[in-house]
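All residue numbers for the sequence shown refer to numbering that gives the first Met the number 0, where the first residue is 0 and numbers rise by one. All C-beta atoms in this analysis are idealised placements derived from N, C-alpha and C, irrespective of residue type, glycine included. Small disclaimer: the values here were computed from a predicted structure and weren't measured.
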Amino acid sequence: MFTYSLVLLFSLAVPVIRSFERKHIHFIGKMPHLLPATLVMALVFIVWDVLFTRWGVWGFNDDYLLGLKILGLPIEEILFFFVIPYVCLFSYEVLNYFIHKDLLGKAAPYITGLLLIFCVVLLIKFPGRLHTLWSAFSAVLLLAWVGIAWRPVWLGRFYLMFGVILVPFILVNGVLTGSFLGNVVVYYNEAHIIGTRILTIPMEDTVYGFAMLLMTTALYEWFRNRAGVSPWSEAR
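The following block contains the structure:
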C-alpha cells in the first residue's frame, strides 16, 4: 500500500486545482514568494528529520511507502515539507480573501504569550524527551522572533489559519499514526514524547507543525514585503 503518498496526493488535490483560478486568489502567482520560503523551512526541518530518524526518535513503516529514500528519509517525508505548507498557505490566502476583518488581530499578543508560556513549561518539565524538547524550543524561538521582536500585522491571521487547519491536520496525521485505518505509517519512540495524544497523534506533533507553518508564513510574508506586496493586499 502507498498510504503516505495517497495522503499527500489527496491533501494537495483541491488546492492545486484551485491555485490556477484567476478570478479570486490565483495562488500559483504567489510562487515567487512561497517557493523560497518553503525551501528555507524545508532545509531546516529536513535536517531535523534526518537526525531524529537516525537517533530513533521516530521512524517509518516501509509497508506503506513507495520505497524510495533520500538521506534515509522516505521520499514521501521529504515531499511532506512542500505539500503541507503549500496546502496551509493556500488556506491562509483563502481566509484572507474571504474574511476581510482581522478577527484575531487584537488577541494575537495574548495568544503569543499563552503559547510561549505553554512551550516554556514543556522545555522545563521534559528536557530529556527529544521530540518534546526540540518542538517546544523551535516554537519558542519563532514566537519570540515573530510575536515579540517583529509583531507583524498578519500574525492574527496566521493564528486564525492555524486554528482552521487543525481539523484537517488531525485527519492527515491521524491516518499516518493509525487513528483511522489501523496502519501505523509513522511511529514514535515513547521515550522521546510525553505520551499525551490527540487520537493517536503525539501532542508534540501539533507544536512541531505550528513551528513549521509559522516559519513558512513568516518567510512568505517577508519575501512578499521585499517585493513590495503588502500583507493580504491582493485579497481586497
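Q) Can you tell me whether Lys105 is buried or exposed, with buried defined as 16 or more other CB within 10 angstroms of its CB? A) It counts as exposed.
Q.
In the DSSP output, what is Phe59 paired with across the bridge?
A. According to DSSP, which records beta bridges pairwise, Phe59 is partnered with Val185.
Q: With a 10 Å radius around its C-beta and 16 neighbouring C-beta atoms as the bar for buried, classify Thr195 as buried or exposed.
A: Only exposed fits Thr195, as fewer than 16 other CB atoms lie within 10 angstroms of its CB.
**Q.** Three or more C-beta pairs below 8 angstroms linking the stretch 167 to 177 and the stretch 106 to 116
**A.** Segment contact: the stretch 167 to 177 against the stretch 106 to 116, fewer than three CB-CB distances shorter than 8 angstroms; contact not assigned.
**Q.** Closest by C-alpha distance to Leu72, when choosing among Tyr3, Gly162, Glu189
**A.** It is Tyr3.
Q. Out of curiosity, what's the CA-to-CA distance linking Leu11 and Ser229?
A. Spanning the two alpha carbons is a distance of roughly 26 angstroms.
(Q) Between the alpha carbons of Glu220 and His32, how many angstroms are there, rounded? (A) C-alpha separation (whole angstroms): 8 angstroms.
Q: Tell me whether the beta-carbon of Ile77 lies closer than 9 angstroms to the beta-carbon of Leu65.
A: No, they are not a contact pair.
**Q.** Ile252 versus Thr199 - alpha carbon distance
**A.** There is simply no residue 252 to check, as the chain begins at 0 and stops at 235 in what is shown.
Q) What is the DSSP secondary structure of Arg128, reduced to helix, strand or coil? A) When DSSP states are grouped into helix, strand and coil, Arg128 belongs to the coil group.
Q. To which residues of the same chain is Met202 closer than 7 angstroms at the C-beta, ignoring the five residues directly before and after it?
A. Correct list, in chain order: Ile193, Thr195, Arg196.
Q. Would a C-beta distance cut-off of 9 angstroms place Trp214 and Ile83 closer than the cut-off?
A. Contrary to the premise, residue 214 reads as Met rather than Trp in this sequence. Not in contact: Met214 and Ile83 (Cβ atoms no closer than 9 angstroms).
Q: Report the option in Thr216, Arg128, Phe89, Ser137 whose CA atom is closest to the CA atom of Val152.
A: Looking from the CA of Val152, the closest CA among Thr216, Arg128, Phe89, Ser137 belongs to Thr216.
**Q.** Continuous alpha helix (DSSP H) assignments of at least 4 residues falling wholly in the stretch 147 to 212
**A.** List check, alpha helix (DSSP H) in window: 154 to 176.
Q. Within the present structure, is the beta-carbon of Glu92 separated from the nearest heavy atom of the ligand NAP by less than 8 angstroms?
A. You won't find the ligand NAP in this model; it holds no ligand whatsoever.
Q. So who's on the other strand from Leu72, going by DSSP bridges?
A. Answer is Ile69.
Q. Thinking C-alpha only, which one of Pro167, Val185, Ser137 is nearest Trp47?
A. For Trp47, the closest C-alpha among the options Pro167, Val185, Ser137 is that of Ser137.
Q | Simplified DSSP state of Ser229, which is helix, strand or coil | A | Ser229: coil per DSSP, three-state reduction.
Q. Mind checking Asp204: buried by the 16 CB within 10 Å criterion, or exposed?
A. Label assigned to Asp204: buried.
Q: Would you check if the distance between the CB atom of Val139 and the CB atom of Leu115 is smaller than 9 angstroms?
A: At a Cβ-Cβ threshold of 9 angstroms, Val139 and Leu115 count as neighbours.
Q) From His23, Met40, Trp54, Gly28, pick the residue whose C-alpha is nearest to that of Ala190; which is it? A) Comparing Cα positions, the closest option is Trp54.
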